[in-house]
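Undergrad: Pasting in a structure now, in structure tokens, and then I'll have a few things to ask.
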Amino acid sequence: MMPVPSHLKEIAKPAEQARDEMPLRATLRCACGSFSFQLLYPGQTDVIGKRSIPVTARVDGSYFYIVRSLCIQCGYEVTLLDADFHGWNGFVCHEPAQASVPRPPLIPWQCVECDSREHEAEIFIQGEGEADYIIESGNENGDRWPDAFGYFTLSVICSKCRLQTPDLFAYETM
């Protein structure tokens, strides 16, 4: 399993510790021990099939894909994904002009069954590999290759009604 990207080390707890280039699966767990979070996003959704899912938000002519977690127990907040800073395009192909645009306000995701704002979550991240990172970034030290991931998904379980929503927040970062 690939290493945890640097911005997620405090909150993503992988199922296993093997270090290779296989996709990462990790549970969100706060340092306080809680597994329950509000998942914050810019608020724009689309219906695909019969599912309402968060999508890239257009705000004042700029585009954003942001997911933050807010611990229900202690209030610790961390950005799980901001497409302008994380993943392949945000890290390897970083665009300072877009990254300097103020982030839009975020709202909590609500369960589509019971309207609860408390969820447990699992992250799945597909990396592009150390060799590709070294070649494309020009950085001969490949230690940051997990930060150049190509695909991010966050599957959620409602803490109240236990509704499971696989791949609710899904984003290709390339």
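My numbering runs 104 ahead of the 1-based position in the sequence shown.
Glycine included, each C-beta is placed from N, C-alpha and C at the ideal position.
Treat the numbers as computed from the prediction; the structure is a model and nothing was measured.
1. Measuring straight from C-alpha to C-alpha, what distance separates R172 and Q121?
2. How would you call C197, buried or exposed, if buried means at least 16 neighbouring beta carbons within 10 angstroms?
3. Which value, in whole angstroms, describes the spacing of the CA atoms of A116 and S156?
4. Along the chain, where does the beta strand (DSSP E) containing Y255 start, and where does it finish?
5. Could you give the distance in angstroms between the alpha-carbon of Q230 and the alpha-carbon of P250?
6. Considering only residues of the same chain and omitting the five flanking positions on each side of T160, which have a CB-CB separation below 6 Å?
7. Do you know how far the Cα of E232 is from the Cα of L132?
8. Are the beta-carbon atoms of R208 and V163 separated by less than 7 Å?
9. Under the rule that 16 or more other beta-carbon atoms within 10 Å means buried, what is Q268, buried or exposed?
10. What residues match up with T149 in a beta bridge as DSSP calls it?
11. Report yes if the CB atom of L210 is closer than 7 Å to the CB atom of L144, and no otherwise.
12. Determine the closest residue to F228 out of S241, Y255, E244 and N245, with distance taken between C-alpha atoms.
13. When you compare each of E224, Y275, P127 and E240 to Q177 by their alpha carbons, which one comes out closest?
14. So P109 packs on F253, CB below 8 Å; how close in whole Å?
15. How would you write the range of the alpha helix (DSSP H) that Y237 sits in, first residue to last?
16. Along the beta strand (DSSP E) that carries P270, what are the first and last residues, could you check?
TA: Answer, in terms of the structure:
1. 24 Å
2. exposed
3. 25 Å
4. Y255 to C262
5. So the alpha carbons of these two residues sit roughly 9 Å apart.
6. Y167 and Y169
7. Rounded to the nearest angstrom, the two C-alpha atoms are 22 Å apart.
8. According to the sequence displayed, residue 208 carries Pro and not Arg. Yes, Cβ-Cβ distance for P208 and V163 is below 7 Å.
9. exposed
10. P158
11. yes
12. Nearest to F228 by alpha-carbon distance, out of S241, Y255, E244 and N245, is Y255.
13. Nearest C-alpha to Q177: E224.
14. 6 Å
15. E234 to S241
16. Q268 to E276
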